[in-house]
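Q: If you read the protein sequences in the order shown, they are chains A and B. Quick note: the first sequence uses the numbering used here, first residue 1135, plus one each step. Quick note: the second sequence uses the numbering used here, first residue 10, plus one each step.
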Amino acid sequence: KAGVTQTPRYLIKTRGQQVTLSCSPISGHRSVSWYQQTPGQGLQFLFEYFSETQRNKGNFPGRFSGRQFSNSRSEMNVSTLELGDSALYLCASSLAVDRGLGQYFGPGTRLTVT
Amino acid sequence: GESVGLHLPTLSVQEGDNSIINCAYSNSASDYFIWYKQESGKGPQFIIDIRSNMDKRQGQRVTVLLNKTVKHLSLQIAATQPGDSAVYFCADGGSQGNLIFGKGTKLSVKP
């Protein structure tokens, strides 16, 4: 069974631009969560989607948004990019929202903002 | 608020030795924990999880111990191999469904 896939793997953008990242969960998984990883802050939760609905949101500004499609694929968007948005963005999928089912991560998208 | 911390940022062990990576959590209501391994350039890889109704769980070469009294968990890796070199994170299952990660411990295995 294929794992979580994320596209693109690497991205370079300039300040003020916007970016869209994509995540395809493991087949059959309906919950998708997004995390930001930086050396200073570590792994921080952005948001979680299940059945096309945002179920939970972390403490990030409104410039960060996401959505989930009927096939469980998810996208996240960051508008008006800032230098501090440079990070590894990770997507994780789970069968459902039951925390006990475990979350499985993709390889991430490395975003660099210049 | 919830937080998860690691006792040591780096750990260096000799190949073949056992490794112990520690983690403390703050939320006494936490009932689910996961250990992840992250190699350079890759996303976190699920290693093992444990629910709060258990105090020990074993996998292949790995054991997780949970002490709810002192809100501490540890990951033990038996016969550590060079391929075990990575950053290890403990994660609190959280009360909302999202994972709360510790800062990570970098494990280096000396041949």
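Virtual Cβ for every residue (Gly too), placed ideally from N, Cα, C.
I'd like to check one pair, glutamine 1170/A with serine 1156/A: are the Cβ atoms closer than 9 Å?
A: The residue given as residue 1156/A occupies position 22 in the first sequence. The residue given as residue 1170/A occupies position 36 in the first sequence. Not a contact, by the Cβ cut-off of 9 Å.
Q: Give a yes or no on whether the minimum CB-CB distance between tyrosine 97/B and chain A is below 9 Å.
A: Locating residue 97/B in the second sequence gives position 88, where the first residue counts as 1. Tyrosine 97/B does not count as touching chain A.
Q: Beta-carbon separation of serine 1208/A and glycine 1200/A under 9 Å?
A: As a working mapping, residue 1208/A is identified with position 74 in the first sequence. As a working mapping, residue 1200/A is identified with position 66 in the first sequence. Yes, the Cβ-Cβ distance between serine 1208/A and glycine 1200/A is below 9 Å.
Q: Starting from methionine 1210/A, follow the beta strand (DSSP E) in both directions and report where the run begins and ends.
A: As a first step, residue 1210/A must be located in the first sequence, where it is residue number 76. Under the DSSP assignment, methionine 1210/A falls in the beta strand (DSSP E) whose first and last residues are 1208-1212.
Q: Can you list, in chain order, the residues of its chain whose CB lies under 8 Å from that of leucine 108/B, leaving out five sequence neighbours each side?
A: The residue given as residue 108/B occupies position 99 in the second sequence. Around leucine 108/B: Ile43, Ala100, Asp101, Gly102.
Q: Where does aspartate 93/B sit, in a helix, a strand or coil, going by DSSP?
A: Start at 1 with the first residue of the second sequence, and residue 93/B comes out as number 84. In the three-state reduction of the DSSP assignment, aspartate 93/B falls in the helix class.
Q: Measure from the alpha carbon of glutamine 1202/A to the alpha carbon of each residue in Pro1159/A, Gly1174/A, Gly1218/A, then state which is nearest.
A: Position 68 of the first sequence holds residue 1202/A. Of the candidates Pro1159/A, Gly1174/A, Gly1218/A, the one whose C-alpha sits nearest the C-alpha of glutamine 1202/A is Pro1159/A.
Q: List the residues of chain A that lysine 51/B touches, going by C-beta distances under 7 Å, in chain order.
A: Position 42 of the second sequence, counted from the first residue, corresponds to residue 51/B. Simply Pro1241.
Q: Listed in chain order, which residues of the region 46-78 of chain B have Cβ atoms closer than 9 Å to some Cβ of chain A?
A: Gln47, Gly50, Lys51, Gly52, Pro53, Gln54, Phe55, Asp58, Arg60
Q: Alpha carbon to alpha carbon, how far is tyrosine 45/B from phenylalanine 25/B? Give it in angstroms, no decimals.
A: Here residue 25/B is taken as the residue at index 16 of the second sequence, counted from 1. Here residue 45/B is taken as the residue at index 36 of the second sequence, counted from 1. Before going on, a small fix: residue 25/B reads as glycine here, not phenylalanine. Spanning the two alpha carbons is a distance of roughly 21 Å.
Q: When the Cα atoms are used, what is the spatial distance from glutamate 1182/A to alanine 38/B?
A: For the purposes of this step, residue 1182/A is identified with residue 48 of the first sequence, where counting begins at 1. For the purposes of this step, residue 38/B is identified with residue 29 of the second sequence, where counting begins at 1. Going from the Cα of glutamate 1182/A to the Cα of alanine 38/B covers about 21 Å.
Q: Along chain B, in chain order, which residues have C-beta atoms closer than 8 Å to that of glutamine 1237/A?
A: To locate residue 1237/A, count along the first sequence from 1; it is residue 103. Residues of chain B passing the Cβ test: Ile43, Phe55, Leu108.
Q: Taking Cβ positions only, does asparagine 1190/A come closer than 9 Å to chain B?
A: Taking the first residue of the first sequence as 1, we reach residue 1190/A at position 56. Taking Cβ atoms only, chain B reaches closer than 9 Å to asparagine 1190/A, which makes this a yes.
Q: At which residues does the beta strand (DSSP E) containing serine 61/B begin and terminate?
A: Walking along the second sequence from the start, residue 61/B turns up at place 52. It is not in any beta strand (DSSP E) - serine 61/B carries neither H nor E in the DSSP assignment.
Q: So with Cβ pairs under 9 Å, would you call threonine 1148/A a contact of chain B?
A: Working through the first sequence from its first residue, we reach residue 1148/A at position 14. Closer than 9 Å: no.
Q: So with CB distances below 8 Å, who are the chain A contacts of lysine 119/B?
A: For the purposes of this step, residue 119/B is taken as residue 110 along the second sequence, with counting starting at 1. For lysine 119/B, there are no C-beta contacts with chain A under 8 Å, since the nearest C-beta of that chain is about 24 Å from it.
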